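Visitor: Pasting in a structure now, in structure tokens, and then I'll have a few things to ask.
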Amino acid sequence: MAAGPLFSTLDDSAARHPDKIAVEEAASADPALAAITFRDLASLSERARDSLRRLGVRPGDRVGLYMRKSIDGVAAIFGILKAGAAYVPVDPGAPPARNAFILNDCSVRTALVERRFEERFRNELEALGPIPSLIILDDVGGGRGLRAALDREDGRDRAPAEPSSGPSPDDLAYILYTSGSTGKPKGVMLSHRNAMSFVDWCSEVFAVTAADRCSSHAPFHFDLSVLDIYLSLKHGATLVLIGEEVGKEPMRLAQIIAERHLSVWYSAPSILSFLTQYGNLDRHDLSALRLVLFAGEVFPVKLLRALQQVLPAPRYFNLYGPTETNVCTYYEIPGRVPDDRTDPYPIGTACSHLRTKVFEPDGAAVPVGQEGELCVTGAGVMQGYWNLPEQTARAFLRDPDGTRWYRTGDIVVEAPDGNYIFMGRRDRMVKRRGYRVELGEIESSLYRHPAIREAAVIALPDAEGGVRIKAFLSCREGKRPSLIELKGFCAANLPAYMIPDLFAFDDALPKTSTDKIDYQRLKELP
Amino acid sequence: MTPITNTIKDFILKEFLPGENPDELTETTPLISGGILDSLATLKLVAFLEEQFKITVEAHEADVEHLNTLSDIAKFVQSKR
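Top line first, the protein sequences correspond to chains A and B.
Here the numbering used here is used: the first sequence runs in plain steps of one and ends on residue 526.
Here the numbering used here is used: the second sequence runs in plain steps of one and ends on residue 1081.
What follows is the structure, given as structure tokens:
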């Protein structure tokens, strides 16, 4: 396997630069308490490993992670990996019911949970069946919360230290849950080989060094975090954690990028748009920034142009790839965006650790210049969906020479210069702030409201190249809920980025000749 | 409801709750935690407050701590004048 198990990214750097700062927490009130060296991070992760093992965690197990982004979270992740288990990070901002579903779905052996989430989470978990024992952290920050929780678990004597497990390349490193069209999130299983082959490709293209200071903007349940965490640690760079709340405040973000001298930035385009429009970027010294990477959705060209105007110096890369493969194609923006360009930039060419090909729906290869579905094969492709053998089988196709290709569901066309142009989605999935949203999952959620009889959700383009989500509802006799009540209901069941922007009501929704909801007609309504 | 609160209420109804019955939006209706104002909407609200009431909102004040209900927002605006 490439360079060893995923945790070697930490351990190798701990051997080379033990006293260098590995991770900082950007928003901490006290800078002295919010940083950790490579040596200390490695040793805290080993304590976590030993305690997890004593709790019964064995190679191949899953361990949940339900806490705000912090040094404690990073150490916990490495502890889980070193115990030979896979970590399952959940969104601390999502409803506890959704997180309970996820951690129950993959039968976690245990989970590290922050105290503030514990009560509601336990209640939801208990409703699903017998719950595993949980490790509760009173707080997070600087690694102290994790240390205190491990002290409590250990009691009088520390768990014995045994060397880290040596996983084989196809053993799972993490499971990332993503929106599912049937209404339930599905777990994408990623192995050590999947992760390391991707990280090694990143090393090749981005040439990160120990002098770099890399952002961690994406939450740990989003696959952008794989580049952030492992690429930074692998090269002895400093990872600067940007927490959930600060991550949405453009003025504070701009301040952090400047004050922390970040040299590498990676996020969804919508955050960059926020920064451009509301971050007062011209008030800050951003000269340390050398790389701006964006992924997750299309970056509207006029917004990229506006960003470059304020921030001309860095190299800009458009990265594309579903959670199932992490980044699989990439494209470097060539110099300055011309004033008259309106077409979005290509998603580019295949990363060196993968191969890509465009297929017809029937599995035939498509000639250059014709549209088709982008498919991927190679070391970066997922092992499958957790406990969903049919969905997993449907996600792949075999070509005549026996190669297994992952079907991205994205329609592309190969341009004469060899770059892929993104044309649209095969099914009912859209991107909102970089996150995957299955319109069907929003519908399922709305159906749970007692007053709603029918629900149909569509995505409409908005003026800035993004989407607005509109829900059409028909309600039971005389029981129409207020918009406020509906939004509150959605906020209790769905993550923020999945809450519809608009609601429309009717006595009944339009149907096709086969009695299915007529989505085409709904899209055409004024 | 004070004139300040009414002005803010009208803005929120017009921008973010088109078609809603105004009586549903009370002084204590949770706006951010209740899914009515997402992060972009909150920024638009801040821009409105700065323009309308001639105040300056700091970066760390544009959040659920300061702006979650009509009552919170009115109180916040008053404190800035």
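Beta carbons are placed, not taken as given, at the ideal position from N, Cα and C, and that holds for glycine.
Treat the numbers as computed from the prediction; the structure is a model and nothing was measured.
Would you mind sorting E464 of chain A into buried or exposed? The rule is 16 or more other CB atoms within 10 Å of its CB.
Guide: Result: exposed.
Visitor: Identify the continuous alpha helix (DSSP H) that holds G79 of chain A and give its terminal residues.
Guide: Counting along the chain, the alpha helix (DSSP H) containing G79 of chain A begins and ends at 71-82.
Visitor: Could you list the residues in the region 467-500 of chain A with a C-beta less than 9 angstroms from some C-beta on chain B, going in chain order?
Guide: Under the 9 angstroms Cβ criterion, the region 467-500 of chain A contributes S482, L483, I484, E485, L486, K487, G488, F489, C490, A491, A492, L494, A496, Y497, I499.
Visitor: Which two residues bound the contiguous alpha helix (DSSP H) that contains R152 of chain A?
Guide: Element bounds for R152 of chain A: 144-154.
Visitor: Exposed or buried, which one is S107 of chain A when buried takes at least 16 other CB atoms within 10 Å?
Guide: Exposed, by the Cβ-count rule.
Visitor: To be precise: take each residue of the region 1027-1047 of chain B, compare its Cβ to all Cβ atoms of chain A, and keep it if any distance is under 8 angstroms. Which residues remain?
Guide: So the list reads T1029, P1030, S1033, G1034, G1035, I1036, D1038, S1039, L1040, L1043, given in the order they occur along the chain.
Visitor: Flag this pair as yes or no: are the beta carbons of E572 of chain A and A35 of chain A separated by less than 8 angstroms?
Guide: With chain A represented from 1 up to 526, any question about residue 572 of chain A goes unanswered, as that position is not in the structure.
Visitor: Decide if A508 of chain A is buried, meaning its Cβ has at least 16 other Cβ atoms within 10 Å, or exposed.
Guide: Result: exposed.
Visitor: Short check: CB of F198 of chain A to CB of G380 of chain A, under 8 angstroms?
Guide: In contact: F198 of chain A and G380 of chain A (Cβ atoms closer than 8 angstroms).
Visitor: Report buried or exposed for M196 of chain A, applying the criterion of at least 16 other Cβ atoms within 10 angstroms of its Cβ.
Guide: Classification of M196 of chain A: buried, given that the 10 Å Cβ count is 16 or more.
Visitor: Going straight from the alpha carbon of S417 of chain A to that of G279 of chain A, what length do you get?
Guide: It should be noted that the sequence gives Asp, not Ser, for residue 417 of chain A. C-alpha separation (whole angstroms): 36 angstroms.
Visitor: Please report the distance separating the alpha-carbon of L233 of chain A from that of A32 of chain A.
Guide: Those two C-alpha atoms are separated by around 20 angstroms.
Visitor: Along chain A, which residues have their Cβ under 8 angstroms away from the Cβ of E1020 of chain B?
Guide: Those within 8 angstroms of E1020 of chain B in chain A are S482, L483, I484.
Visitor: In this structure, what does DSSP give as the bridge partners for R432 of chain A?
Guide: Paired residue(s): A:Y435.
Visitor: Less than 8 angstroms between CB atoms is the rule here; does H1066 of chain B satisfy it with respect to chain A?
Guide: For H1066 of chain B, the answer is no, since every Cβ of chain A falls outside 8 angstroms of its Cβ.
Visitor: With a threshold of 8 angstroms between beta-carbons, can Y278 of chain A be considered close to chain B, or not?
Guide: Interface residue, yes.
Visitor: Classify R1081 of chain B as helix, strand or coil using the three-state DSSP reduction.
Guide: Coil at R1081 of chain B, not helix or strand.
Visitor: With three or more C-beta pairs closer than 8 angstroms as the rule, is the region 85-93 of chain A touching the region 47-64 of chain A?
Guide: With the cut-off at 8 angstroms, the region 47-64 of chain A and the region 85-93 of chain A touch.
Visitor: Under a Cβ-count criterion, where at least 16 other Cβ atoms within 10 Å of its own Cβ denotes burial, should T1026 of chain B be classed as buried or exposed?
Guide: The residue in question, T1026 of chain B, is exposed, as its Cβ has fewer than 16 Cβ neighbours within 10 Å.
Visitor: As a quick exercise: from B:Q1052, B:A1047, B:V1064, pick the residue whose alpha carbon is nearest that of R1081 of chain B.
Guide: Cα-wise, what sits closest to R1081 of chain B is B:Q1052.
Visitor: For L137 of chain A, list the residues DSSP reports as bridge partners.
Guide: In the DSSP output, where bridge partners are listed per residue, L137 of chain A has A:E114.
Visitor: Out of A:P361, A:P367, A:V413, which one is the CA nearest neighbour of F396 of chain A?
Guide: Of the listed residues, the one whose Cα sits closest to F396 of chain A is A:P361.
Visitor: Mind checking which residues open and close the beta strand (DSSP E) that includes N318 of chain A?
Guide: Taken as a continuous stretch (DSSP letters only), the beta strand (DSSP E) holding N318 of chain A covers 315-320.
Visitor: Assuming the contact rule is C-beta atoms closer than 8 angstroms, A455 of chain A and V430 of chain A should be a hit. Round their C-beta distance to whole Å, please.
Guide: Their Cβ separation, rounded to whole angstroms, is 16 angstroms, which puts A455 of chain A and V430 of chain A out of contact at 8 angstroms.
Visitor: If you reduce the DSSP assignment to three classes, tell me which class I469 of chain A lands in.
Guide: It is a strand residue.
Visitor: From the DSSP output, read off the bridge partner residues of R407 of chain A.
Guide: Answer is A:C375, bridged to R407 of chain A.
Visitor: Along the beta strand (DSSP E) that carries F503 of chain A, what are the first and last residues, could you check?
Guide: Taken as a continuous stretch (DSSP letters only), the beta strand (DSSP E) holding F503 of chain A covers 502-505.
Visitor: Could you tell me the alpha carbon to alpha carbon distance between G378 of chain A and Y497 of chain A, rounded to whole angstroms?
Guide: Roughly 31 angstroms separates the two Cα atoms.
Visitor: In whole angstroms, what separates the C-alpha of T325 of chain A from that of A211 of chain A?
Guide: Cα to Cα, T325 of chain A sits roughly 29 angstroms from A211 of chain A.
Visitor: Which value, in whole angstroms, describes the spacing of the CA atoms of I442 of chain A and G296 of chain A?
Guide: Roughly 19 angstroms between the two C-alpha positions.
Visitor: Chain B partners of E245 of chain A, CB-CB under 9 angstroms?
Guide: Correct list: D1063, V1064.
Visitor: Nearest chain A C-beta to A1074 of chain B closer than 8 angstroms, yes or no?
Guide: A1074 of chain B does not count as touching chain A.
Visitor: Measuring alpha carbon to alpha carbon, tell me which residue in A:L125, A:V264, A:L253, A:A492 is nearest L281 of chain A.
Guide: Per the Cα distances, A:L253.
Visitor: Please state the DSSP three-state secondary structure of E332 of chain A.
Guide: Looking at E332 of chain A - three-state DSSP - the assignment turns out to be strand.
Visitor: Does R16 of chain A come out as helix, strand or coil in the three-state DSSP assignment?
Guide: R16 of chain A: helix per DSSP, three-state reduction.
Visitor: When you compare the CB of P31 of chain A with every CB in chain B, is at least one pair closer than 8 angstroms?
Guide: Chain B, which has no Cβ nearer than 8 angstroms to the Cβ of P31 of chain A, makes this no.
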